[in-house]
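2 protein chains.
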Amino acid sequence: LTPPEIALHSLLHAGSLTIGTAESCTGGLVAARLTSISGSSKYVQGGIVAYSNQAKADLLGVSTEILQKLGAVSEECAIAMAEGARVALKADVAVSTTGIAGPTGATERKPIGLVYVAVATSRGTQGRELHLTGDRRAITEAAAETALEALLTTVRGELAERTET
Amino acid sequence: LTPPEIALHSLLHAGSLTIGTAESCTGGLVAARLTSISGSSKYVQGGIVAYSNQAKADLLGVSTEILQKLGAVSEECAIAMAEGARVALKADVAVSTTGIAGPTGATERKPIGLVYVAVATSRGTQGRELHLTGDRRAITEAAAETALEALLTTVRGELAERTET
Numbered sequence: 323l324t325p326p327e328i329a330l331h332s333l334l335h336a337g338s339l340t341i342g343t344a345e346s347c348t349g350g351l352v353a354a355r356l357t358s359i360s361g362s363s364k365y366v367q368g369g370i371v372a373y374s375n376q377a378k379a380d381l382l383g384v385s386t387e388i389l390q391k392l393g394a395v396s397e398e399c400a401i402a403m404a405e406g407a408r409v410a411l412k413a414d415v416a417v418s419t420t421g422i423a424g425p426t427g428a429t430e431r432k433p434i435g436l437v438y439v440a441v442a443t444s445r446g447t448q449g450r451e452l453h454l455t456g457d458r459r460a461i462t463e464a465a466a467e468t469a470l471e472a473l474l475t476t477v478r479g480e481l482a483e484r485t486e487t
Numbered sequence: 323l324t325p326p327e328i329a330l331h332s333l334l335h336a337g338s339l340t341i342g343t344a345e346s347c348t349g350g351l352v353a354a355r356l357t358s359i360s361g362s363s364k365y366v367q368g369g370i371v372a373y374s375n376q377a378k379a380d381l382l383g384v385s386t387e388i389l390q391k392l393g394a395v396s397e398e399c400a401i402a403m404a405e406g407a408r409v410a411l412k413a414d415v416a417v418s419t420t421g422i423a424g425p426t427g428a429t430e431r432k433p434i435g436l437v438y439v440a441v442a443t444s445r446g447t448q449g450r451e452l453h454l455t456g457d458r459r460a461i462t463e464a465a466a467e468t469a470l471e472a473l474l475t476t477v478r479g480e481l482a483e484r485t486e487t
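If you read the sequences in order, they're chains A and B.
Per our numbering, the first sequence runs over residues 323 to 487.
Per our numbering, the second sequence runs over residues 323 to 487.
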């Protein structure tokens, strides 16, 4: 199986689309995997690791309403992070992650392993809820893998759309 | 030997100082290592992976003069990135990396493995030039390790300063 960052490189190395990331629970893993590929600077604009709520608000424009009423671990926050990253990084497509990697930080309604991933394009944003298992490392690595796969699926769709029109 | 991110956690878990990152060639590795520690959200504000020059200018405030005259791979750029990250992330201490991880991207005056690391505090910013060897992965991992060690040294100094005054 081809890792998604390599499949993305094959699709994007000519510079047809640019990408960016907004990461909370994965803490930079998604950006690190994307930029592990030589030549990725052609299409990776950059990423924002928004670990604190302040960074989510200041750098990604996540609203106080989302952060206070729904919390940073919510699909709405993931969607706002991805949309904010598109704007801040001037990227065509942006992916976000937010969740509870554990072992601390769980609440009654938000257990360890609850992660939201979202991908934003000019045509809209799709969020997804994940329930991951394992230790902190397993959860963050699975969240990064899922985020990269979601990014790849969306990039394929965007490129297909462009070919059709 | 204790990894620097664990030593940083021991020093900072009580929340006395906050930290942030601005990464180019390490692409998120420094932030990923800092946030691999449970409880790091107490002191990691976040990070900016500024892979493109546009991201370096827009998110970190690196001047056009630095980017055009000295280039993104320069000590001046590393210093501006660290200082920009402190402001953007509202962090007490910020570390930056910029360099040529290879295998492409080298020029006559800037060989593969040339990396600059800088650490900014309210009292000033220190830059350092590194000459690293190995493949892309070895260079980025060594750059991340050096950045984390530099951050740890600076944090120790800051905490000592605070104790003295």
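Even for Gly, the Cβ is constructed at its ideal location relative to N, Cα and C.
Residue state for GLU430/B is assigned as coil, using DSSP reduced to three classes. Under the three-state reduction of DSSP output, VAL352/A falls in the helix class. When Cβ-Cβ separations below 8 Å define contact, SER374/A makes contact with chain B.
Ranked by how close their Cα comes to the Cα of GLU405/B, the residues LEU323/B, GLY383/B, ARG484/B and ASN375/B have GLY383/B in first place. Annotated three-state conformation of ALA336/A is coil, per DSSP. In the three-state reduction of the DSSP assignment, VAL395/A falls in the coil class. Under a criterion of Cβ atoms nearer than 7 Å, the residues of chain A adjacent to PRO425/B are, in order, SER360. Boundaries for ALA372/B: no alpha helix (DSSP H) harbours it, while the beta strand (DSSP E) harbouring it runs 366-372, taken from the DSSP string. Here the alpha carbon of GLY361/A sits roughly 7 Å from the alpha carbon of HIS335/A. At least 8 Å separates the beta-carbon of ALA394/A from that of ALA407/A.
For GLY424/A, same chain residues with a beta-carbon under 6 Å away, outside a window of 5 residues either side, are ILE434 and ARG458 in chain order.
Think of a sphere of 9 Å around the beta carbon of LYS412/A: the chain B residues whose beta carbon falls inside it are SER374, GLN376, ALA377 and ASP380, in chain order.
With fewer than 16 other Cβ atoms inside 10 Å of its own Cβ, THR386/A counts as exposed. Distance from the CA of ALA460/A to the CA of CYS399/B, rounded to the nearest whole angstrom, comes to 35 Å.
Under the Cβ criterion of 8 Å, THR419/A is not counted among the residues facing chain B. The bridge partners DSSP lists for ARG450/A are VAL439/A. Counting along the chain, the unbroken alpha helix (DSSP H) around ILE461/B starts and ends at 458-486. Taking a beta-carbon distance threshold of 8 Å, ARG459/B counts as an interface residue toward chain A. Residue LYS364/A holds the alpha-carbon nearest to the alpha-carbon of SER332/A among THR348/A, LEU351/A, VAL352/A and LYS364/A. DSSP places ALA416/B inside the beta strand (DSSP E), whose first and last residues are 415-421.
THR419/B is the residue among SER444/B, THR485/B and THR419/B whose C-alpha sits nearest the C-alpha of ALA472/B. Out of SER396/A, ARG484/A, ASP380/A and GLY369/A, the CA that lies nearest to the CA of ARG445/A is found in ARG484/A.
Contact of ALA353/A with chain B is assigned, a C-beta pair being separated by under 8 Å. For GLN367/B, the neighbours in chain A by C-beta distance under 8 Å run, in chain order, TYR373, SER374, GLN376 and ALA377. Nearest Cα to ALA410/A within the set LYS378/B, GLU397/B and GLY427/B: LYS378/B. Of the residues THR429/B, THR340/B, MET403/B and GLY350/B, the one whose Cα lies closest to the Cα of ALA354/A is GLY350/B.
If you draw a straight line from the Cα of ILE388/B to the Cα of LYS432/A, it comes to about 46 Å. Where GLY342/B is concerned, the enclosing beta strand (DSSP E) starts and stops at 341-345. The C-beta of SER332/B comes no closer than 8 Å to any C-beta of chain A. In chain order, GLY368, GLY369, ILE370, VAL371 and LEU381 make up the part of chain B whose C-beta sits under 8 Å from the C-beta of ILE370/A. Beyond the five residues adjoining it in sequence on each side, ARG450/B comes within less than 6 Å, by CB distance, of VAL439 in the same chain, given in chain order. About 5 Å separates the beta carbon of THR348/B from that of ALA466/B, a gap short enough to meet the 8 Å contact definition.
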